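Everything below concerns the one structure shown next.
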């Protein structure tokens, strides 16, 4: 490739030369600027010179090939538009056969982008043969081909679809496990565009064969097709084939397969039909796998179930139309009967991740089972988790306390969880103490200033200085939500007292807090109470205390000047 003598094109010439440079960094830089080179060359020379050059130089380092695959996906307009898009197929086809997975995946994405821009006649004439070539090459090319069938099939005229379907079905039976795995991964999307007759007659048997594959990695991915297939298959086929597969997978010897079953449960529950159908099928098909997975020997499977089990509640609730209760009670009864035991067992799971996933859904629990059952069945488990040995579990529980407080009411909450909120303020882990202080603001808004004042200020004289600092943090969190008289008469004196603490860290935290409170109280309080204390701290023997006190005094002066 050469350019004319125009000086303005010299930088482009440099980029073109760098494409041949021995330095990989320079080649990578040039490949990332292929768009600039193409714009300078023009559409015709890009088609005639640049694209063939790239195709001849597709044996390079993976990072460079990845950049090339990404760039070519946006080249349709640079080669003259959709009517010339086919010139991009050959280099992308080559890139789709390399050993590195990320390069192949990016090349497949670019091939899909190019195909979507091509007119249907060009798609049939150029892209379909390219897809068939990939499907017949080495296993890396066949893996890439599996991703291309769905967009191609969807746009092809009916007379070309049987050949595409046969080619895809051949990949589901490929001798190489990696190819079968890729076909299983593509099958769910492919099913969305295949006509009903070949879907049931040809694609469904291929799916069932993949579910019986002797390779864990293939069965693992085949599980993911259950939900998409259930959406497009006739209802009878779902009941006869897909749901039994789900039951079988729930007992699979590979924990990764069982993990994927847990992830698929909500989507499958939605396709079970109306209330009568749910009532008949849930106990037979869906609930046994749920209970089996809840007791699974692998902690990752239980954690996966914990993350989705509550999404089943609306469906399970509708399954009990025969229960002589109305509305919400009917849903409660079914959920209590089928899911609550599973939920409680996962709340007590020995693995922290499972407990955390359940805790993260506590807001959904109240919507599903209501306040009374929440108090009766879940509070004991929540109280136990509040003192869990894993600090992340304790931290997760704290974030849901305001929700529980609002639902349970002040008296009941105080009786069951009030003291626990105070114990969190004394936790050995800072993140838990910090979350507990932030939590107090929501609780004060829910229960009033008196509740917060009584519980927080009791820790002000604790022998551990860390807890005395925690009290200051709690006052800072509460200051904006408590009445001004409570702030001035109850909380400010505590802060002033801590400004005389024997530990410098407590004193400079008090100085910082006094600066914040100065903006929340009346000017006379600032002049008569806050500034004298800060002036004393400004002469403290500790340098940090002096620094923060001096800064706070200056802030007080600024407030006075603005008043």
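Residue numbers (the UniProt record's numbering): 1 to 563.
By construction, the Cβ of each residue, glycine as well, lies at the ideal position given by its N, Cα and C atoms.
None of the values given here were measured: they were computed from a predicted structure.
Where the alpha helix (DSSP H) containing residue i begins and where it ends
i, result
"residue 33", "Taken as a continuous stretch (DSSP letters only), residue 33 belongs to no alpha helix (DSSP H), as it is neither H nor E."
"residue 136", "128-136"
"residue 200", "Unbroken run through residue 200: none, as it is neither H nor E."
"residue 231", "226-232"
"residue 488", "First-last for residue 488: undefined, no H or E at that position."
"residue 512", "504-518"
"residue 188", "177-191"
C-beta atoms of residue i and residue j nearer than 9 angstroms
i, j, result
"residue 521", "residue 496", "no"
"residue 344", "residue 305", "no"
"residue 440", "residue 421", "yes"
"residue 555", "residue 518", "yes"
"residue 167", "residue 149", "yes"
"residue 204", "residue 233", "yes"
"residue 514", "residue 552", "yes"
"residue 130", "residue 74", "no"
"residue 187", "residue 237", "no"
"residue 384", "residue 348", "yes"
"residue 494", "residue 534", "no"
"residue 241", "residue 199", "no"
"residue 178", "residue 128", "no"
"residue 487", "residue 523", "no"
Straight-line Cα distance separating residue j from residue i
i, j, result
"residue 156", "residue 189", "16 angstroms"
"residue 171", "residue 183", "6 angstroms"
"residue 516", "residue 302", "47 angstroms"
"residue 115", "residue 268", "32 angstroms"
"residue 323", "residue 339", "For residue 323, the pLDDT reaches just 35, beneath the cut-off of 50, and the residue's location in the model is therefore unreliable, leaving the point undetermined."
"residue 110", "residue 173", "26 angstroms"
"residue 141", "residue 191", "22 angstroms"
"residue 83", "residue 101", "30 angstroms"
"residue 153", "residue 94", "22 angstroms"
"residue 443", "residue 70", "52 angstroms"
"residue 461", "residue 432", "20 angstroms"
"residue 510", "residue 472", "7 angstroms"
"residue 20", "residue 27", "7 angstroms"
"residue 405", "residue 484", "24 angstroms"
"residue 475", "residue 482", "10 angstroms"
"residue 276", "residue 292", "In this prediction, residue 276 scores a pLDDT of 37, lower than 50, which makes its location untrustworthy; the coordinate-derived value is nonetheless stated afterwards. Residue 276 and residue 292: Cα-Cα distance of roughly 24 angstroms."
"residue 325", "residue 399", "Reliability of the predicted coordinates at residue 325 is poor, the pLDDT of 31 falling under 50, and the value obtained from them is presented with this limitation in mind. Computed Cα separation, rounded: 34 angstroms."
"residue 308", "residue 294", "12 angstroms"
"residue 464", "residue 387", "20 angstroms"
"residue 393", "residue 300", "17 angstroms"
"residue 350", "residue 81", "60 angstroms"
"residue 56", "residue 342", "60 angstroms"
"residue 537", "residue 506", "12 angstroms"
"residue 161", "residue 397", "54 angstroms"
"residue 244", "residue 401", "41 angstroms"
Closest residue to residue i among the options (Cα-Cα distance)
i, options, result
"residue 77", "44, 420, 105 and 90", "44"
"residue 298", "288, 257 and 268", "257"
"residue 423", "514, 539 and 395", "395"
"residue 54", "18, 179 and 482", "18"
"residue 467", "485, 437 and 487", "437"
"residue 561", "526, 536, 538 and 549", "526"
"residue 381", "358, 540, 443 and 391", "358"
"residue 133", "38, 480, 83 and 164", "164"
"residue 215", "244, 176 and 225", "176"
"residue 477", "447, 61 and 435", "435"
"residue 446", "97, 425, 524 and 418", "418"
"residue 592", "235, 25 and 159", "Residue 592 is absent from the structure shown; the chain starts at 1 and stops at 563."
CB contact below 9 angstroms: residue i versus chain B
i, result
"residue 425", "As a matter of chain content, chain B is missing from the structure shown, which is built from one protein chain."
With 16 other Cβ atoms within 10 Å as the buried cut-off, status of residue i
i, result
"residue 289", "buried"
"residue 429", "exposed"
"residue 271", "buried"
"residue 146", "buried"
"residue 36", "exposed"
"residue 185", "buried"
"residue 39", "exposed"
"residue 201", "exposed"
"residue 91", "buried"
"residue 260", "buried"
"residue 151", "buried"
"residue 389", "exposed"
"residue 543", "exposed"
"residue 86", "buried"
"residue 253", "exposed"
"residue 502", "exposed"
"residue 23", "exposed"
"residue 479", "buried"
Cβ-heavy atom distance, residue i to the ligand SAM, below 8 angstroms
i, result
"residue 406", "Summarising the ligand content, the structure contains no ligands, and the ligand SAM is consequently not present."
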